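> In full-length UniProt numbering, the protein residues as written are 1 to 635. From the three backbone atoms N, C-alpha and C, an ideal C-beta is built for every residue, glycine too. Since the structure is predicted, the reported quantities are computational estimates derived from the model, not experimental observations.
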Amino acid sequence: MKKYLRLLLFLCYSAIAFSQESFIAFYPKDVYEKANAVIKDYKLNLEITDYNKFKLNKYRVITVFNKQGLNCLDTYEFFSKSTVVRDVEITVFNALGKEIKKIRKKDFEENSVSQGSVITDNRVLYFDYVPTEYPFTIVYKSEIVSDNTAFLPSWMPISDYNMSLIHSEFEIKYNKELNLNYKILDPETKITDHSIKVEDEQDLLRFSLDSVNAVQKERYAPSMYKVFPKVMIGLEEFELEGIKGTAKSWEEFGNWMYTYLLADTEEIPEETIQKIANLIKDEKDNLKKAKIIYNYVQNNTRYVSIQLGIGGWKPMKAAEVDKLGYGDCKALTNYTRSLLKAFDIPSYYTIVYGDRAKRDLVEDFVSVQGNHVILGIPDKEDIIWLECTSQDIPFGFQGNFTDDRKVLIVDKDKSKIVRTKTYEAETNRQITTGSYKITESGTMTSKITIESSGLDYLVYRELYTAPERDKKDHYLNTYSYLKNLNIQSLNLINDKEAVLFKEEIAMESVNYVEKYGDDLIFHYNAFNRMQKNSRKDPDRLLPFEIERGYYEEDRIDILLPEGYTVSELPSEISIRSEFGEYDLSFQLKSENTVSYIRKLTLKKGKYQNDRFDEYQKFIGKIIKGDNIKILINKK
Numbered sequence: 001m002k003k004y005l006r007l008l009l010f011l012c013y014s015a016i017a018f019s020q021e022s023f024i025a026f027y028p029k030d031v032y033e034k035a036n037a038v039i040k041d042y043k044l045n046l047e048i049t050d051y052n053k054f055k056l057n058k059y060r061v062i063t064v065f066n067k068q069g070l071n072c073l074d075t076y077e078f079f080s081k082s083t084v085v086r087d088v089e090i091t092v093f094n095a096l097g098k099e100i101k102k103i104r105k106k107d108f109e110e111n112s113v114s115q116g117s118v119i120t121d122n123r124v125l126y127f128d129y130v131p132t133e134y135p136f137t138i139v140y141k142s143e144i145v146s147d148n149t150a151f152l153p154s155w156m157p158i159s160d161y162n163m164s165l166i167h168s169e170f171e172i173k174y175n176k177e178l179n180l181n182y183k184i185l186d187p188e189t190k191i192t193d194h195s196i197k198v199e200d201e202q203d204l205l206r207f208s209l210d211s212v213n214a215v216q217k218e219r220y221a222p223s224m225y226k227v228f229p230k231v232m233i234g235l236e237e238f239e240l241e242g243i244k245g246t247a248k249s250w251e252e253f254g255n256w257m258y259t260y261l262l263a264d265t266e267e268i269p270e271e272t273i274q275k276i277a278n279l280i281k282d283e284k285d286n287l288k289k290a291k292i293i294y295n296y297v298q299n300n301t302r303y304v305s306i307q308l309g310i311g312g313w314k315p316m317k318a319a320e321v322d323k324l325g326y327g328d329c330k331a332l333t334n335y336t337r338s339l340l341k342a343f344d345i346p347s348y349y350t351i352v353y354g355d356r357a358k359r360d361l362v363e364d365f366v367s368v369q370g371n372h373v374i375l376g377i378p379d380k381e382d383i384i385w386l387e388c389t390s391q392d393i394p395f396g397f398q399g400n401f402t403d404d405r406k407v408l409i410v411d412k413d414k415s416k417i418v419r420t421k422t423y424e425a426e427t428n429r430q431i432t433t434g435s436y437k438i439t440e441s442g443t444m445t446s447k448i449t450i451e452s453s454g455l456d457y458l459v460y461r462e463l464y465t466a467p468e469r470d471k472k473d474h475y476l477n478t479y480s481y482l483k484n485l486n487i488q489s490l491n492l493i494n495d496k497e498a499v500l501f502k503e504e505i506a507m508e509s510v511n512y513v514e515k516y517g518d519d520l521i522f523h524y525n526a527f528n529r530m531q532k533n534s535r536k537d538p539d540r541l542l543p544f545e546i547e548r549g550y551y552e553e554d555r556i557d558i559l560l561p562e563g564y565t566v567s568e569l570p571s572e573i574s575i576r577s578e579f580g581e582y583d584l585s586f587q588l589k590s591e592n593t594v595s596y597i598r599k600l601t602l603k604k605g606k607y608q609n610d611r612f613d614e615y616q617k618f619i620g621k622i623i624k625g626d627n628i629k630i631l632i633n634k635k
């Protein structure tokens, strides 16, 4: 139906010039073919009149073809006491270019950045447009003025996969004396010949990009920040909520943060200090003291969700968090830091981009960056990282939200960019041990133990507090290839001290074994079977990335039914590749017991698109090994 509509529009309007003010939803096939949305025109006009004042006008014309394209609308503006939305409006046109709706500023909804947030002066003005038909086109216009020049806008003309661009430009008017810096972030992945054009005149800076067709997101594709270009700008001297700052170096910028945003927030009530002193009185080691204090914070506070936003960089005072018992990432991190400081334990308030897709701070462009805060405790040449927003995550465990990326540690005269912990493949371990018994009638009964550590711990620990129904559904989905599966017993152990999650499972599967005349045949691998290979991708455009590696090891005994024997065991398998390693071996431990050992290492890495077929073949060999069947003969 969508293709028919687009063809109809093409036939009806192919003779019509697509002028600047035409909002008919017609585009050439190569523009819309892979697109959820097309940006026809996107203009950012920024005027910086002083180190503490700017005005920003946005103009955006975007056609949306389907529900997924709604994510590209971005019909919202942040504001605070220092940032004012002067005007905002949306005009909606149908596929034929007819205006069907006008949305003015009074129709927008206003809300805090996060419901229940302890930050009440940062808000968002937004409108969630619900279309009645596709395609449709909107024209979005807004104007904001702000005293917070720390948050000058960046320009990312293409902000997602499956989005085409006709034209976009970013124009900046400013006084040269303000020392405005900019950086063009060229994508690591060059997928188009189009480049950002730069015009740098006396008091005018203009960036533009034209005619980029949508890029289809492919499996294991890099994050959009590594694929699409972006321009960052920043003043060497800026203002944030009335506080003048400097961004000439990370050390100066960190000093400014420490002095003006953190220094006056550290006071802790004497009653709390005495309480902590009593808890750590028997410990001499600073790390053990820090662990006790971290557990105290987890047990006595809760997290209120809010990300770093306009004007939201200064944390609540530690005394307020102590009194209220809650805070956002900044407040809880600073509270933990203040408690540690009260007992002469050094720690670093640390700015990071929190995201499961790894994203670095841009090291060679000093500016306000990041969307999350964590805490670092120096330990000789290492840093122990603490996620202060979680009430149950183990001490020193980061997880995949902040691992392996460049961050800014804030410390007086020592601020710098460092990298957080990298969880290598051998650290992310899943070890499965146990046995299963098969019967002549075809039933398989088993008892196994699965131990997960490293980033695998994070994945499975969420099961610990899940409702019983959700736990059962998890295992039914995990072992969906086991027929008529019945979970007979389940015991989950969350060992925070060892950062180890253990699953003890007893289960039964009916019709697991197939009859083959008088003989029986079955899959040897009942519990950790890689089943499906990704479809082939002969026309792949993008490189691919395995962001995190892992290691699996299975040691399982198979108990055969009485009266049956194995005439021949499967051959050993050993695969070595740049992508990883796979080993499989079998042993006849006794007349009625076969054991197998399976080991798989998948390595992290970045690879060009022409190697994807090679990766597929590597995975295909593992799938073949995992799905071997064993034939046992009746005596």
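Between which two residues does the beta strand (DSSP E) containing D338 stretch?
Rather than Asp, the amino acid found at residue 338 in this sequence is Ser. Careful: S338 lies outside any beta strand (DSSP E), inside the alpha helix (DSSP H) at 329-342.
> What's the gap between the Cα of P394 and the Cα of L339?
Going by the C-alpha atoms only, they are around 18 Å apart.
> Distance check for A35 and G116, CA to CA, integer angstroms please.
At G116, the pLDDT of 35 sits below 50, so the modelled position is not reliable and the matter cannot be decided from this model.
> For the stretch 45-61 against the stretch 100-111, are there 3 or more C-beta pairs whose distance is under 8 Å?
The answer is no - the stretch 100-111 does not touch the stretch 45-61, with fewer than three Cβ pairs under 8 Å.
> Measuring CA to CA, which of R206, I280, F365 is closest to K248?
Comparing Cα positions, the closest option is F365.
> What residue range is occupied by the uninterrupted beta strand (DSSP E) comprising M257?
Not the beta strand (DSSP E): M257 falls in the alpha helix (DSSP H), residues 250-257.
> From the DSSP output, which residues share a beta bridge with A37?
A37 is bridged to V64, M163.
> For the beta strand (DSSP E) holding I280, just list the boundary residues, first then last.
Premise fails: I280 lies in the alpha helix (DSSP H), 270-280, not in any beta strand (DSSP E).
> Are at least three pairs of beta-carbons, each pair with one atom in the stretch 538-552 and one in the stretch 596-606, less than 8 Å apart?
Touching, per the Cβ criterion.
> Mapping DSSP to helix, strand and coil, what is T601?
DSSP places T601 in strand when its eight states are reduced to three.
> For I243, which residues in the same chain have their Cβ closer than 6 Å to its Cβ, ignoring the five residues on either side in sequence?
Around I243: Y260.
> Is G234 helix, strand or coil when you go by DSSP?
Reduced to three states, the DSSP call for G234 is strand.
> In three-state DSSP terms, what is N57?
In this structure, N57 counts as strand in the three-state DSSP scheme.
> Have a look at R461 and I450 and give me their C-alpha separation to the nearest angstrom.
So the two alpha carbons sit approximately 12 Å from each other.
> Can you tell me which of the three DSSP states L476 falls into?
Three-state DSSP puts L476 in a helix.
> Pull up the DSSP beta-bridge partners for Q298, would you.
Looking at the DSSP assignment, Q298 forms no beta bridge with any residue, so it has no partner.
> Suppose the cutoff is 7 Å on Cβ atoms and the five residues either side in sequence are ignored; what does the same chain contact list for L125 look like?
Around L125: Y76, E77, F79, V85, V88, F108, E110.
> Give the DSSP bridge partners of S435, in chain order.
Bridge partners of S435: K447, D557.
> Taking just the CA atoms, how far does I628 sit from S585?
Spanning the two alpha carbons is a distance of roughly 12 Å.
> Considering only residues of the same chain and omitting the five flanking positions on each side of F544, which have a CB-CB separation below 6 Å?
Closer than 6 Å at the Cβ level, and outside the excluded window around F544, lie Y220, Y607, F612.
> By how many angstroms is the C-alpha of K317 removed from the C-alpha of K173?
Their Cα atoms are separated by approximately 38 Å.
> Contact between the stretch 498-509 and the stretch 440-449: three or more CB pairs below 8 Å?
Verdict: yes, contact present.
> Using the C-alpha atoms, what's the distance from T265 back to E201?
Distance between the alpha carbons of E201 and T265 is about 44 Å.
> Return the CA-CA distance between P538 and A263, expressed in angstroms with no decimal places.
C-alpha separation (whole angstroms): 57 Å.
> From T137 to Q68, what distance separates their C-alpha atoms?
Cα to Cα, the separation comes out at about 14 Å.
> Compare the C-alpha of R548 against each of N528, L287, F207, T402 and name the closest.
Minimum Cα distance to R548 is reached at T402.
> Q616 by DSSP, collapsed to three states: which one?
It is helical.
> Run through the DSSP bridge pairs and tell me what H372 is partnered with.
Beta-bridge pairing links H372 to V352.
> With DSSP run on the structure shown, which of helix, strand or coil describes A506?
Here A506 sits in strand by DSSP.
> Please work out which residues of its chain come closer than 6 Å, Cβ to Cβ, to Y615, disregarding the five sequence neighbours upstream and downstream, and give them in chain order.
Excluding sequence neighbours, Y615 sits near F579.
> Taking DSSP's pairing of strands, which residues face S452 in a bridge?
Answer is Q430, F501.
> Would you kindly work out how many angstroms separate the C-alpha atoms of L235 and V198, rounded to a whole number?
Using only the alpha carbons, I get a separation of about 18 Å.
> Assuming E218 and L602 are in contact, meaning their beta carbons sit under 8 Å apart, how far apart are those beta carbons, in whole angstroms?
Not confirmed; about 19 Å, so no contact.
> In chain order, what residues of the same chain lie with their CB nearer than 8 Å to the CB of L485, ignoring the 5 residues before and after it?
Taken in chain order, the residues that qualify are Y475, L476, Y479, M507, E508, S509.
> Return the bridge partner residues of I377 from the DSSP annotation.
Paired residues: I384.
> Under 9 Å between the Cβ atoms of D41 and I166?
Their beta carbons are under 9 Å apart, which means D41 touches I166 by this criterion.
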